[in-house]
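Trainee: Numbered according to my numbering, the first sequence spans residues 4 to 549.
Even for Gly, the Cβ is constructed at its ideal location relative to N, Cα and C.
Small disclaimer: the values here were computed from a predicted structure and weren't measured.
Attaching a single structure in structure tokens format; questions to follow.
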Amino acid sequence: MEKTIAAIISIVQELYSIDLRVQLDRPDPKFGDYSTNVALQLAKQVGKNPRDTATEIADKLKATGDYADVTVAGPGFINLTLGDKALLDLTRVNPGQIRQGQTVVIETNNPNPFKAMHIGHAYNAILADTMANLLAVSAATVRRVSYHGDVGTHVGKSMWAILKETGGDIEKLEAIPVDERNIFMNKMYAIGAQAAKDSDEAKKEIDELAKQSFVLDDPTYKAIYDMCAMWSYEQIDRIVARIGNVPIERRYVESETEKPGKELIVANTPGVFTQSDGAYIFEGSKYGSFDNVYIGSHGNGLYGAHDMGLVQLKYADYPQLDQSIVVTGGEQAAYFKGVIAASELAIPELKGKLFNYPTGLVKLTTGKMSSRTGDVVAIDWLFDEFGKAITERGGVAIDEIIAGALRYQFLKVKIGGDVVFDVNEAVSLTGNTGSYLQYAHARARRILDKSAGTVSYPIDVRDEDRMLVRKLGEYHEVVNRALESLEPHHICTYLFELAQEFNRYYEQYRVIGDELETHRAGLVAVYADTLKAGLAILGIHAPERM
RNA sequence: GCACCCGUAGUUCAGCGGAUUAGAAUGCUUGGCUUCGAACCAAGUGGUCGCAGGUUCGAAUCCUGCCGGGUGUACCA
Numbered sequence: 004m005e006k007t008i009a010a011i012i013s014i015v016q017e018l019y020s021i022d023l024r025v026q027l028d029r030p031d032p033k034f035g036d037y038s039t040n041v042a043l044q045l046a047k048q049v050g051k052n053p054r055d056t057a058t059e060i061a062d063k064l065k066a067t068g069d070y071a072d073v074t075v076a077g078p079g080f081i082n083l084t085l086g087d088k089a090l091l092d093l094t095r096v097n098p099g100q101i102r103q104g105q106t107v108v109i110e111t112n113n114p115n116p117f118k119a120m121h122i123g124h125a126y127n128a129i130l131a132d133t134m135a136n137l138l139a140v141s142a143a144t145v146r147r148v149s150y151h152g153d154v155g156t157h158v159g160k161s162m163w164a165i166l167k168e169t170g171g172d173i174e175k176l177e178a179i180p181v182d183e184r185n186i187f188m189n190k191m192y193a194i195g196a197q198a199a200k201d202s203d204e205a206k207k208e209i210d211e212l213a214k215q216s217f218v219l220d221d222p223t224y225k226a227i228y229d230m231c232a233m234w235s236y237e238q239i240d241r242i243v244a245r246i247g248n249v250p251i252e253r254r255y256v257e258s259e260t261e262k263p264g265k266e267l268i269v270a271n272t273p274g275v276f277t278q279s280d281g282a283y284i285f286e287g288s289k290y291g292s293f294d295n296v297y298i299g300s301h302g303n304g305l306y307g308a309h310d311m312g313l314v315q316l317k318y319a320d321y322p323q324l325d326q327s328i329v330v331t332g333g334e335q336a337a338y339f340k341g342v343i344a345a346s347e348l349a350i351p352e353l354k355g356k357l358f359n360y361p362t363g364l365v366k367l368t369t370g371k372m373s374s375r376t377g378d379v380v381a382i383d384w385l386f387d388e389f390g391k392a393i394t395e396r397g398g399v400a401i402d403e404i405i406a407g408a409l410r411y412q413f414l415k416v417k418i419g420g421d422v423v424f425d426v427n428e429a430v431s432l433t434g435n436t437g438s439y440l441q442y443a444h445a446r447a448r449r450i451l452d453k454s455a456g457t458v459s460y461p462i463d464v465r466d467e468d469r470m471l472v473r474k475l476g477e478y479h480e481v482v483n484r485a486l487e488s489l490e491p492h493h494i495c496t497y498l499f500e501l502a503q504e505f506n507r508y509y510e511q512y513r514v515i516g517d518e519l520e521t522h523r524a525g526l527v528a529v530y531a532d533t534l535k536a537g538l539a540i541l542g543i544h545a546p547e548r549m
């Protein structure tokens, strides 16, 4: 592909003395393997009929490489059909290492303790983890971290209910069986949240308990807080692992950000921040955000101060970082613009290095949501539902496979828009799903198991192979696109198309026992490896059988 | 009010910073397993790409305006 582009550029130079940026597209297969519209772009500058221009370029291009055909079509497109050798070679090209030498710190999960972890957290975690995979494939040094809000109102709500429930007796907490802790915590938060709405008196108590989460100077409070926080993190870590994320190497918590955050803000006032009634304000409205209070008039850091503290902690831990990435819900997009602008002003070395990727909301379609905990879908419940569907098909429901199906459901849509999550659809296992790809992979592996000879790389391309080989050759191009934009959905779309292409081939051409067995098995091996590699980037397990 | 995001088949979504007849999946109607796993494949059905202008040889794609939906908009995160 690069060679072809270079050839076209030099031909255009030679013929018209014009320096042109050339783009090759993947057209409908019936037109060829690549197409370009350079002649149409040139038409005006050259002052010739675009078809004539195209013909001139095409004639010269033919001699520069392994092309089976170079034709001019329509208003002046040049369509290229690669020779077999060139087509096959494309399947061996690796994605580009475009972030060689860079260090990237990325938060791959950030649910809060003292609160239920729900499907939205899972989406963020899966997406961020997959982006981390993309970064790693592009040769960056990836540092996975997490960040959790362990102070503030939500803690007050939970603690209020927990203290009421236990009467401050930690032994009552210890008596709760391990597998009921999560249910207990979710319930306590729900009770506290409801009380805060219903009763002004309770609200006051909750505010007081929330403040205590910052200082932890009451021994009873601290003991219970510590135990419940630990339960929460165990729960978060367990679920994050269950959905197939790579473990983090450092956990950040909000309580440790207060001090550095406030110090940084005070040190940059006036200048970056302004003071008003004792509060410290950043005029984010000048930077596409909104004016926001970072330190309250009571002297405590608010979430802006904490996020700036976090930026510093990360920078201190990873001074060589080239990018720091946070993936959050879209409702925080404007807020993060402000935090990033303020951080860059306060720490100029970080200019251009801080990124927030806002995601959409996970919306649940109404349906059978019987086992919900409050308003949220428990992730364990989702695993159960997937498990049942797989068992009904006669498969073995193991977590690795279920996690793959779940990940795909989230990753196949473009980042930014809302994700409509339909449990019934997700669990259906047919069509454009993770299960389809896993099944396709398992089936291909079974063919290879049954093939007698040693499997070797195919050496030629037969007519019936062409569509499949062509698709395989697109792998590195698609991955490159995903690497550049950090958008996993490109890979999902491609892998599904690839698997469809293979399934068509599979339906029509037999491998085992055929006189072309060696050749076809080689092709199946390339396919299975490509599929597996793509799934690996998505963090999806490619089972040998299922 | 202002800012950002979104609006493509009944539904859920692709459409790669423009191009040849707008694609999948799902749904519905059919056909295909004594041969490598039918969680599969094939055929049919289904769209004034929210609306209206503009730029261009060419617009779902770029620009402007409008309509509709969502989110945010200083002491909760």
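1) Can you tell which of Tyr236, Asn359, Arg449, Glu211 has the C-alpha that lies nearest to the C-alpha of Asp310?
2) Check for me: the alpha helix (DSSP H) holding Glu286 runs from which residue to which?
3) Between Arg54, Thr74, Glu17, which lies nearest to Tyr37 when the distance is taken from Cα to Cα?
4) Curious, which full-length alpha helix (DSSP H) runs of at least 4 residues does the segment 482-518 contain?
5) Determine, using beta-carbon pairs with one atom in the segment 459-467 and one in the segment 517-531, whether at least three such pairs fall under 8 angstroms.
6) I'd like the list of long-range same chain contacts for Lys417, defined as Cβ closer than 6 angstroms, with 5 residues on each side in sequence excluded.
7) Hey, Asp294 and Ser300 are a contact pair by Cβ (cut 8 angstroms); roughly how many whole angstroms apart?
8) Are the beta-carbon atoms of Ser572 and Val256 separated by less than 8 angstroms?
9) Taking only the alpha-carbon atoms, compute the straight-line gap between Gly152 and Val482 and give it to the nearest angstrom.
10) Out of curiosity, what's the CA-to-CA distance linking Leu486 and Ile401?
11) Less than 8 angstroms between the beta carbons of Val560 and Leu357, yes or no?
12) Pull up the distance between the alpha-carbon of Ala205 and that of Glu334, whole angstroms please.
13) Have a look at Leu364, Val365, Lys340, Gly363 and flag the residue whose alpha-carbon is nearest the alpha-carbon of Lys354.
14) In the structure shown, what three-state DSSP assignment does Leu83 receive?
15) Using a threshold of 8 angstroms, state whether the C-beta atoms of Gly307 and Tyr297 are closer than that.
16) Please classify His444: does DSSP put it in a helix, a strand, or coil?
17) With distance defined between alpha-carbon atoms, name the residue in Asp62, Met233, Lys63, Leu43 nearest to Arg54.
18) Can you tell me which of Val329, Leu526, Val107 puts its alpha carbon nearest to the alpha carbon of Leu90?
19) Do Asn427 and Phe499 have their C-beta atoms within less than 8 angstroms of each other?
20) Measuring alpha carbon to alpha carbon, tell me which residue in Glu237, Leu316, Ala232 is nearest Leu267.
21) If you follow the alpha helix (DSSP H) that His121 is in, where does it begin and where does it stop?
22) Go ahead and pull the three-state DSSP assignment for Asp72.
23) Buried or exposed for Thr533, going by 16 or more other Cβ atoms inside 10 Å?
24) Please return the same chain residues whose Cβ sits closer than 6 angstroms to the Cβ of Ala164, not counting the five positions on each side in sequence.
25) Under 8 angstroms, do Val49 and Val25 count as touching if we go by C-beta distance?
26) Check the DSSP bridge columns for Thr294 and list the partner residues they point to.
27) Can you pull the DSSP bridge partners for Lys366?
28) Could you compute how far the alpha carbon of Met372 sits from the alpha carbon of Ala381?
29) Are at least three pairs of beta-carbons, each pair with one atom in the segment 172-188 and one in the segment 134-141, less than 8 angstroms apart?
30) Going straight from the alpha carbon of Asp378 to that of Gln511, what length do you get?
31) Can you name the residues that DSSP bridges to Asn112?
32) Spatial neighbours of Arg375 within its chain, please: C-beta separation below 8 angstroms, excluding the five flanking residues on both sides.
33) Using the C-alpha atoms, what's the distance from Gly86 back to Lys118?
34) Identify whether Tyr255 lies in helix, strand or coil by the three-state DSSP scheme.
35) What residue from Lys474, Gly419, Gln326 has the CA that sits closest to Glu347's CA?
36) Start and end of the beta strand (DSSP E) containing Tyr224?
Mentor: This is what the structure gives:
1) For this step, residue 310 is matched to residue 307 along the first sequence. Nearest of Tyr236, Asn359, Arg449, Glu211 to Asp310, Cα basis: Asn359.
2) Working through the first sequence from its first residue, we reach residue 286 at position 283. Run containing Glu286: none in the alpha helix (DSSP H); it sits in the beta strand (DSSP E), 282-286.
3) In the first sequence, counting from the first residue as 1, residue 37 sits at position 34. Closest by alpha carbon: Thr74.
4) 492-511
5) yes
6) On the first sequence, position 414 is the one that residue 417 refers to. If we look at Lys417 and ignore the five residues flanking it on each side, its Cβ neighbours are His492.
7) The residue given as residue 294 occupies position 291 in the first sequence. The residue given as residue 300 occupies position 297 in the first sequence. Not really, about 15 angstroms apart at Cβ, beyond 8 angstroms.
8) Summary: the structure shown does not reach residue 572, with the chain confined to residues 4 through 549, and so no result is reported for it.
9) If you number the first sequence from 1, residue 152 lands on position 149. If you number the first sequence from 1, residue 482 lands on position 479. The alpha-carbon atoms of Gly152 and Val482 are separated by roughly 34 angstroms.
10) The residue labelled residue 486 in the question sits at position 483 within the first sequence. The residue labelled residue 401 in the question sits at position 398 within the first sequence. Each residue's alpha carbon lies about 30 angstroms from the other.
11) Any question about residue 560 goes unanswered here, given that the chain covers just 4 to 549.
12) Here residue 205 refers to the residue found at position 202 when the first sequence is read from its first residue. Here residue 334 refers to the residue found at position 331 when the first sequence is read from its first residue. Looking at the two C-alpha atoms, the distance is approximately 28 angstroms.
13) Taking the first residue of the first sequence as 1, we reach residue 354 at position 351. Per the Cα distances, Lys340.
14) Locating residue 83 in the first sequence gives position 80, where the first residue counts as 1. Correct three-state label for Leu83: strand.
15) Residue mapping note: residue 307 aligns to position 304 of the first sequence, counting from 1. Residue mapping note: residue 297 aligns to position 294 of the first sequence, counting from 1. Yes, the pair counts as a contact, with Cβ atoms nearer than the cut-off.
16) If you number the first sequence from 1, residue 444 lands on position 441. The answer is helix: DSSP assigns His444 an H, G or I state.
17) By 1-based counting over the first sequence, the position of residue 54 is 51. Answer by Cα proximity: Leu43.
18) Within the first sequence, residue 90 is the residue found at index 87, counting from 1. When only C-alpha atoms are compared, the closest one is Leu526.
19) The count along the first sequence starts at 1 and reaches residue 427 at position 424. The count along the first sequence starts at 1 and reaches residue 499 at position 496. No. Outside cutoff.
20) Translated into positions along the first sequence, residue 267 becomes position 264. Nearest C-alpha to Leu267: Leu316.
21) On the first sequence, position 118 is the one that residue 121 refers to. Element bounds for His121: n/a, residue is neither H nor E.
22) The count along the first sequence starts at 1 and reaches residue 72 at position 69. Strand.
23) Taking the first sequence and counting its residues from 1, one reaches residue 533 at position 530. Buried: at least 16 other Cβ atoms inside 10 Å.
24) By one-based count along the first sequence, residue 164 stands at place 161. Contacts found: Met191, Ile194, Gly195.
25) Position 46 of the first sequence, counting from 1, holds the residue named residue 49. Position 22 of the first sequence, counting from 1, holds the residue named residue 25. The answer is no: Cβ separation not under 8 angstroms.
26) As a working note, residue 294 is residue 291 in the first sequence. Here the sequence assigns Asp to residue 294, which means Thr is not the residue at that position. Per DSSP, Glu286.
27) Numbered from 1 along the first sequence, position 363 holds the residue referred to as residue 366. Answer is Val423.
28) Here residue 372 refers to the residue found at position 369 when the first sequence is read from its first residue. Here residue 381 refers to the residue found at position 378 when the first sequence is read from its first residue. Unreliable positioning characterises Met372 in this predicted model, as indicated by a pLDDT of 38, which lies under 50. The coordinate reading is nonetheless provided below. Roughly 10 angstroms between the two C-alpha positions.
29) no
30) Locating residue 378 in the first sequence gives position 375, counting from the first residue. Locating residue 511 in the first sequence gives position 508, counting from the first residue. Its pLDDT being 48, under 50, Asp378 is placed unreliably by the model, and the measurement read from it follows with that caveat. Taking the straight line from one Cα to the other gives about 49 angstroms.
31) Position 109 of the first sequence, counted from the first residue, corresponds to residue 112. Looking at the DSSP assignment, Asn112 forms a beta bridge with Ser149.
32) Here residue 375 corresponds to residue number 372 of the first sequence, with the count starting at 1. In this prediction, Arg375 scores a pLDDT of 35, lower than 50, which makes its location untrustworthy; the coordinate-derived value is nonetheless stated afterwards. Excluding positions up to five away in sequence, the list reads Ala381, Trp384.
33) Reading the first sequence from its first residue, position 115 is the one you call residue 118. Reading the first sequence from its first residue, position 83 is the one you call residue 86. Their backbone Cα atoms lie some 59 angstroms apart in a straight line.
34) To locate residue 255, count along the first sequence from 1; it is residue 252. Tyr255 falls in the strand class under three-state DSSP.
35) Looking up residue 347 in the first sequence gives position 344. If we check each option's Cα against that of Glu347, Gln326 comes out closest.
36) Start at 1 with the first residue of the first sequence, and residue 224 comes out as number 221. Tyr224 -> not in any beta strand (DSSP E); alpha helix (DSSP H) instead, spanning 222-245.
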